[in-house]
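The structure appears below as structure tokens.
Residue numbers (this note's numbering): 23 to 208.
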């Protein structure tokens, strides 16, 4: 877990941040495997997507998607009386993606709660969830729900702290980890 801890500390400037970090059993292995198998990376907001290290994304042949600004998502969110992040996640679930999927959530606790619901109802298959939303409304509840579901491996933290940069840094650490493991096995 050293690579993840190092990235999170560097991103937050706070050595205490990692005390609340939870990495579920097999989360690292599942994340590395999904990266190697060219997982689709779904982000809740463009700030998370922007934080993903482009050179590593390219090296692994990974594609990231964020539907938050798509006009169809605006309409869907309005019609369903929900947030755009939730509408975007529902859209991902409707696509029934066959390749591995990693969710990187750094802003919207509503998206994290919806992810847990969709996964629990077998409407979305996810290989790894990085759930690090930030804020005071629904954040702690969403992280608790994530840690209580038993279907998908996850990386999260306790409390109200988190954010887009932390979520992106954790995914970047996984890409670096995957690269080091690849080099080691040569």
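Cβ atoms here follow ideal geometry from the backbone N, Cα and C, with glycine treated the same way.
Beta-carbon contacts of residue i that lie in its chain and below 7 angstroms, excluding the five residues immediately before and after
{"i": "residue 65", "result": "71, 86, 88 and 126"}
{"i": "residue 42", "result": "179, 180 and 181"}
{"i": "residue 162", "result": "181 and 182"}
{"i": "residue 132", "result": "105, 107, 108 and 160"}
{"i": "residue 79", "result": "86"}
N- and C-terminal bounds of the alpha helix (DSSP H) containing residue i
{"i": "residue 110", "result": "106-116"}
{"i": "residue 72", "result": "68-73"}
{"i": "residue 148", "result": "It is not in any alpha helix (DSSP H) - residue 148 carries neither H nor E in the DSSP assignment."}
{"i": "residue 142", "result": "131-142"}
{"i": "residue 121", "result": "Careful: residue 121 lies outside any alpha helix (DSSP H) and carries neither H nor E."}
{"i": "residue 155", "result": "Element bounds for residue 155: n/a, residue is neither H nor E."}
{"i": "residue 94", "result": "93-102"}
{"i": "residue 27", "result": "24-34"}
{"i": "residue 284", "result": "Since the first residue shown for the chain is 23 and the last is 208, residue 284 is missing from the structure and cannot be characterised."}
Proximity winner among the options, relative to residue i (alpha-carbon distances)
{"i": "residue 39", "options": "151, 136, 179 and 80", "result": "179"}
{"i": "residue 109", "options": "130, 49 and 23", "result": "130"}
{"i": "residue 158", "options": "182, 148, 196 and 42", "result": "182"}
{"i": "residue 136", "options": "121, 119, 191 and 155", "result": "155"}
{"i": "residue 142", "options": "175, 120, 161 and 160", "result": "175"}
{"i": "residue 171", "options": "189, 84, 118 and 140", "result": "140"}
{"i": "residue 81", "options": "58, 102 and 97", "result": "58"}
{"i": "residue 191", "options": "116, 152 and 168", "result": "152"}
{"i": "residue 198", "options": "74, 31 and 47", "result": "74"}
{"i": "residue 56", "options": "188, 33, 98 and 123", "result": "123"}
{"i": "residue 48", "options": "23, 60 and 36", "result": "23"}
{"i": "residue 37", "options": "54, 51 and 188", "result": "188"}
{"i": "residue 167", "options": "138, 177 and 195", "result": "138"}
{"i": "residue 34", "options": "193, 184 and 194", "result": "184"}
{"i": "residue 173", "options": "193, 60 and 46", "result": "46"}
{"i": "residue 98", "options": "84, 116 and 193", "result": "116"}
{"i": "residue 60", "options": "121, 134 and 76", "result": "121"}
Own chain, CB closer than 6 angstroms to residue i, minus 5 neighbours either side, in chain order
{"i": "residue 113", "result": "89"}
{"i": "residue 119", "result": "62"}
{"i": "residue 201", "result": "none"}
{"i": "residue 196", "result": "53"}
Residue i - partner residues in DSSP beta bridges
{"i": "residue 173", "result": "Answer by DSSP bridge pairing: none, since residue 173 is not bridged."}
{"i": "residue 199", "result": "DSSP, once it has assigned bridges, lists no residue as partnering residue 199."}
{"i": "residue 64", "result": "87 and 125"}
Residues near residue i by beta carbon distance below 8 angstroms, same chain, minus five either side
{"i": "residue 27", "result": "40 and 43"}
{"i": "residue 213", "result": "Nothing can be reported for residue 213, as the shown portion of the chain is limited to 23 through 208."}
Span of the beta strand (DSSP E), counted from its first residue to its last, around residue i
{"i": "residue 180", "result": "Counting along the chain, residue 180 falls outside any beta strand (DSSP E), and DSSP gives it neither H nor E."}
{"i": "residue 45", "result": "43-45"}
{"i": "residue 85", "result": "85-87"}
- Could you tell me whether the segment 88-99 touches the segment 142-150, using the rule of 3 or more Cβ pairs below 8 angstroms? no
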